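The structure appears below as structure tokens.
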Amino acid sequence: MKKLLFTGIFAALMLACFAQKPYKVVFYNLENLFDTINDPEKLDDEFTPEGPKKWNTAKYNKKLGNIEKVLADITAVGMGDRLSVADYPVVIGVSEIENRSVLEDLVSMRKLAPARYRICHYDSPDRRGVDVAFVYRADVFQLEGSAAIPYTIEGRPDFRTRDIVTMWGTIEGEPFYFMVAHWPSRLGGKEQSSPLRERAAEIMRDAADSVRRLNPATKVVMMGDMNDDATDKSLVETLGATGDIKKIPAGGYYNPYVNLLKAGYGTLAYQDAWNLFDNIVVSENLATGSTGALKLQRGENKKFYGNIFRRPYLLQKEGQYKGYPLRTFVGNNFQGGYSDHFPVFIYIGK
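Using my numbering, the final residue of the sequence shown is 355, and nothing's skipped along the way.
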């Protein structure tokens, strides 16, 4: 009996040692990752050497190096002392990038190059020229297709903002549908501009529902800078993303960042208060594992399913904005920082 018990314990320990690490899925608002070239078709003049920010190659390279550090450090979270290519996030959604070229520069950085990231990007009609996009590991996510969904709103045919970028394929043979967005801002006030974000939520929900009607086994991941908190109407009512994993309706969606927000966490600061605009919302079957083997896993803090990457070096150390995210510029003053948002990520595993 003792021999059998020892054998069982040994087998369990060996299984734990060799168990597959969960996959990370990340979203990060990169805060104005512009190149230095003046594009006459975009309102990018401030991010040129002649513009008010005196944006040049040295500042651009500093910005790239900062983002490289953040993504490399996210890679290391929970992965032990020895990192391998398998530890890199499988999908990273980004916002506030000027074009595909800046992503090509980013993924070729020394600390990110081993992942051999591929890019899913579409130029959007945003007046400043900022886009959303994905980078992904083709060794894990087998891409089958992608598309940009335009933002439209009735009665405002000239309103221009970022498209919603989507891509679909499989992870370990299971179908996935990824969406990344940067919803309209709160310009003009939260309440007055709320219908713009509710419309963005409606577009995303309609697209996700359509995909799941065709194949109910598809696992949906919606991410982005929503410019609304996880508890606001656009996310809770229009997108239909509940914060209670035990009460997700069939065909519904779960937002792990609701509980983080209620616990006092945030991803950006404004007027000495924290907001949580950066969200990753998943479909019920991914949250609960009702189809397939892959499901949402608890993260760094075992209490939550969502994760916010917040480290001391990402914070402003002094001055008026002490304790806020350390951003690239305050006005036109170069701070050499990272972003005005913290990255967020989730784990997916068996």
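Virtual Cβ for every residue (Gly too), placed ideally from N, Cα, C.
Everything numeric in this text was worked out from a predicted model, so none of it was measured.
Could you please give the first and the last residue of the uninterrupted alpha helix (DSSP H) stretch that includes residue i?
i	result
Tyr262	Tyr262 to Lys267
Lys195	Lys195 to Leu219
Asn66	Thr62 to Ala81
Asn290	Glu289 to Thr293
For a test of the three-state rule: what should DSSP assign to residue i, helix, strand or coil?
i	result
Asn43	coil
Ala118	helix
Thr243	helix
Leu10	Reliability fails at Leu10, whose pLDDT of 48 lies under 50, so the model's placement of it is uncertain and the value that follows must be treated cautiously. Helix at Leu10.
Gln25	coil
Arg142	strand
Asn37	strand
Glu109	helix
Pro348	coil
Pro317	helix
Thr223	coil
Val90	helix
Phe334	strand
Asp168	coil
Phe32	strand
Phe339	strand
Leu18	Residue placement at Leu18 is poorly supported in this model, since its pLDDT is 42, which falls under 50; the coordinates still yield a value, given next. In this structure, Leu18 counts as helix in the three-state DSSP scheme.
Asp131	coil
Asp356	The requested residue 356 does not occur in the structure, where the chain is confined to residues 6 to 355.
Lys307	coil
Lys59	coil
Ala252	Ala is not the amino acid found at residue 252; the sequence shown has Lys there. If DSSP states are grouped into helix, strand and coil, Lys252 belongs with the helices.
Lys327	coil
Lys322	coil
Using CA atoms only, rank isn't needed, just tell me which of the options is closest to residue i.
i	options	result
Gly256	Ala205, Thr41 and Ala222	Ala222
Met172	Pro119, Asp128 and Val226	Val226
Asn337	Tyr28, Glu55, Met184 and Gly193	Glu55
Val99	Phe139, Leu281 and Gly324	Phe139
Glu413	Phe32, Lys300 and Ser344	Residue 413 is absent from the structure shown; the chain starts at 6 and stops at 355.
Gly174	Thr166, Phe183, Arg167 and Asp168	Phe183
Asp230	Gln340, Ala213, Val349 and Gln147	Val349
Lys116	Asp92, Ile124, Gly134 and Lys327	Asp92
Glu388	Lys252, Lys26 and Tyr318	What the structure shows of the chain is the stretch from 6 to 355, and residue 388 is not part of that stretch, so it cannot be assessed.
His346	Tyr28, Ile169, Val30 and Asn37	Asn37
Tyr258	Tyr275, Ala274, Asp234 and Thr293	Thr293
Ala152	Val185, Asp214 and Ile158	Val185
Val75	Lys355, Ile353 and Pro330	Pro330
Arg167	Asp128, Tyr141, Gly194 and Arg105	Asp128
Based on the DSSP output, what are the partners of residue i in its beta bridges?
i	result
Lys300	Gly354
Asp163	Beta-bridge pairing links Asp163 to no other residue.
Trp279	Ala274
Gln147	Thr175
Ile124	Val140
Asp230	His187 and Asp283
Ile154	Ile169
Asn312	Phe350
Tyr259	Thr247 and Val287
Where do the N-terminal and C-terminal ends of the beta strand (DSSP E) with residue i fall, by residue?
i	result
Pro180	Glu179 to His187
Val99	Val96 to Ile102
Using a Cβ-Cβ cut-off of 8 Å, state whether residue i counts as contacting chain D.
i	result
Leu76	Annotation note: the requested chain D is absent from the structure, which comprises a single protein chain.
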